[in-house]
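**Q**
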Amino acid sequence: MQRIWAISICLVLAAGLAVAGSPFEQKQDVLYGEMDGAGLLMDVFTPTGAKNGLGIVDIASGAWSADRGKIRDHQTAQFYDIFCGKGYTVFAVRPGSKGRFTAEDMVKNVKTGIRWAKAHAADYGINPDKLGLTGASAGGHLAALTLVTREDGNPNAKNPLDKFSTDVAAAGIFFPPTNFLQYGDAKPDFARIGEILFLGGVKGHTPEEIEAKAKAISPALLVKDKTPPVCIWHGTADPLVPLQQSEFLVEKLKAAGTDVELHIKEGGGHPWMTINEEVAKIGDWFDTKLAGK
43 MQRIWAISIC LVLAAGLAVA GSPFEQKQDV LYGEMDGAGL LMDVFTPTGA
93 KNGLGIVDIA SGAWSADRGK IRDHQTAQFY DIFCGKGYTV FAVRPGSKGR
143 FTAEDMVKNV KTGIRWAKAH AADYGINPDK LGLTGASAGG HLAALTLVTR
193 EDGNPNAKNP LDKFSTDVAA AGIFFPPTNF LQYGDAKPDF ARIGEILFLG
243 GVKGHTPEEI EAKAKAISPA LLVKDKTPPV CIWHGTADPL VPLQQSEFLV
293 EKLKAAGTDV ELHIKEGGGH PWMTINEEVA KIGDWFDTKL AGK
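Numbering (this note's numbering), first residue to last: 43 to 335.
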């Protein structure tokens, strides 16, 4: 998510400790996997109040970068206050950054994070079959891509995490790019997204290779079957990701029989000042889809 948040809030947390009155305890930099020798990290936010026995995987990525600032962005938008306040345990997965990882690598890392949460479900007292998934902007793109490229678990896998599927029970997403072959009204600028297509960018790759790779990371072009329920929020004044992008995905998901909702924020940018209100609505939506309220 672009760091354009206009809400002013400061939450300073020591790893594993909760600020007095906070609805969560935060454990920083939990190692959940490895790719190409690089450790993959997440923060885990556990409710300080009553737990509901459910978990949400939050993809902390903006502009396909996953520095610690993306966790702070989601804190500013009150993701963790709201979800943990409702009793959810939140796994804030950092899937790696462009320049070192492609989008295909990042979605693999997201799936590793989902598998890790399932493998440790008993440790956190959550139901591994009732995980929610959320993300915004690049995180929303990776969430959508995860949904439409689900993977089964392999009971014979050598890696214990690979015994778990990447399935989630519902996904609440904000302003996701979903179709890189048709992005707004302009001709696709593949060089602009080159680093998430290929390590080192598009230089040296043929037009056919570039288009094929762009299609392979476009969730709206990969929908084949019904997915778990999806709720999307998108602003009409988004300067970075056209509303069209969410509309593409919703059209394909509906055609596949998915329970999908698109909510449009009039005048909403990327993000908007009161996005915490929509985060709360996503929280209520998770209550209906995950907790059956």
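Just so you know, even glycine gets a beta-carbon here, dropped at the ideal spot from N, CA and C. A quick note: this is a predicted structure, and the numbers were derived from the prediction, not measured.
#1: Are the region 196 to 214 and the region 247 to 256 touching by the rule of at least three beta carbon pairs closer than 8 Å?
#2: To the nearest angstrom, how far is the alpha carbon of residue 103 from that of residue 302?
#3: Residue 123 and residue 176 - do their beta-carbons sit closer together than 7 Å?
#4: Suppose you measure from the CA of residue 125 to the CA of residue 271; what does that come to, to the nearest Å?
#5: For residue 295, which option in 109, 267, 284 and 185 has the closest C-alpha, if you only look at C-alpha atoms?
#6: Relative to the alpha-carbon of residue 131, which residue among 174, 287, 219 and 334 has its alpha-carbon at the smallest distance?
#7: Among residues of its own chain, excluding the 5 on either side of residue 321, which ones have a beta-carbon nearer than 7 Å to its beta-carbon?
#8: Can you tell me the Cα-Cα spacing of residue 66 and residue 286, whole angstroms?
#9: With burial defined as no fewer than 16 other Cβ atoms inside 10 Å of the residue's Cβ, what is the status of residue 136: buried or exposed?
#10: Could you check what DSSP says for residue 266 in three-state terms: helix, strand or coil?
#11: Counting pairs of beta carbons, one from the region 135 to 151 and one from the region 83 to 99, are three or more of them closer than 8 Å?
#12: For residue 54, which residues of its own chain have a beta-carbon under 6 Å away from its beta-carbon, when the five flanking residues on both sides are left out?
#13: By the DSSP assignment, the alpha helix (DSSP H) with residue 296 in it spans what residues?
#14: When the Cα atoms are used, what is the spatial distance from residue 57 to residue 180?
**A** Walking through what the data contain:
#1: The answer is no - the region 247 to 256 does not touch the region 196 to 214, with fewer than three Cβ pairs under 8 Å.
#2: Near 23 Å, if we compare the C-alpha coordinates of residue 302 and residue 103.
#3: With a cutoff of 7 Å on beta-carbon distance, residue 176 and residue 123 are scored as not near each other.
#4: About 18 Å.
#5: Nearest C-alpha to residue 295 among 109, 267, 284 and 185: 267.
#6: Closest option to residue 131, Cα to Cα, is 174.
#7: Closer than 7 Å at Cβ, skipping near neighbours: 119, 120, 121 and 124.
#8: Put simply, the backbone Cα of residue 66 is about 36 Å away from that of residue 286.
#9: Per the 10 Å Cβ criterion, buried.
#10: Coil.
#11: Cβ pair count under 8 Å is three or more, so yes.
#12: Caution applies to residue 54, whose pLDDT of 35 falls short of 50 and renders its modelled position unreliable; the value that the coordinates give is listed next. Nothing meets the Cβ criterion.
#13: Segment 285 to 297, the alpha helix (DSSP H) holding residue 296.
#14: Summary for residue 57: the model assigns pLDDT 42, below 50, so the residue's position carries little reliability; its value from the coordinates is reported in the next sentence. The straight-line gap from Cα to Cα measures roughly 26 Å.
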